[in-house]
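Peer 1: Encoded as structure tokens, here's the structure I'll be asking about.
Numbering (UniProt numbering), first residue to last: 1 to 175.
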């Protein structure tokens with residue numbers, strides 16, 4: 001509760017990781033608005049027009065954009081990514097890293113090595129801003145891949161996965 005007895009207001013924005021988060025279960029004392037959209041990425045965040053200026057905003061996206069990226073266009077993507085995050089109106093913004101994913105039957109970790117580099121570049125670009133960066137990447141990994149014990153289907157998080165996110169957000173927000 002804030003000093004007027006109202007619940008703190010949070011808006012969640014991003015892809016399926018946001019859309020499928022049972023916010024009422026993990027944050028029962030918060031007013032939560034969910035603008036997560038499965039399958040979405042940077043273009044969705046860039047075109048987001050809801051006025052969230054009276055909210056603390058939680059953002060997570062990027063995994064759906066991975067296959068459009070390579071070493072040549074990564075820096076341009078990072079520029080657009082950070083610009084899109086900074087454009088979302090908020091009382092305070094929390095940005096989760098891009099999460100690892102498991103996409104290869106041969107148990108390759110290449111995609112997650114690429115995401116790690118991408119996350120580092122985003123983090124570096126955010127320096128000097130007021131964005132609170134929540135890096136849970138390593139906590140979601142097991143042997144270089146998204147830990148299957150934290151997922152429903154090797155991509156979408158289960159309750160254990162969301163507990164990691166919830167704990168990180170609660171700690172960062174002080175609520």
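All residues carry an ideal CB built from backbone N, CA and C; glycine is no exception. Just so you know, these numbers come straight off a predicted model, no measurement behind them.
1) What residue range is occupied by the uninterrupted alpha helix (DSSP H) comprising residue 113?
2) From the DSSP secondary-structure annotation, give me the bridge partner or partners of residue 9.
3) With a cut-off of 7 Å, does the C-beta of residue 12 fall near any C-beta of chain D?
4) Comparing C-alpha positions only, which one of 93, 69, 126 and 117 sits nearest to residue 55?
5) When we look at the beta-carbon of residue 70 and count the other beta-carbons within 10 Å, is it buried (16 or more) or exposed?
6) Pull up the distance between the alpha-carbon of residue 42 and that of residue 84, whole angstroms please.
7) Can you name the start and end residues of the beta strand (DSSP E) that residue 59 belongs to?
8) Please say whether residue 112 and residue 144 have beta carbons closer to each other than 7 Å?
9) DSSP three-state label for residue 165, please.
10) Taking only three categories from DSSP, how would you classify residue 159?
11) Tell me which residues share the same chain as residue 103 and place their Cβ nearer than 6 Å to its Cβ, disregarding the 5 neighbours each side in the sequence.
12) Considering just the uninterrupted stretch of the beta strand (DSSP E) at residue 134, what are its terminal residues?
Peer 2: According to the structure shown:
1) 110 to 126
2) 31
3) Of the chains in the structure shown, none is chain D; there is only one protein chain.
4) 93
5) exposed
6) 8 Å
7) 56 to 60
8) yes
9) helix
10) helix
11) 111
12) 132 to 134
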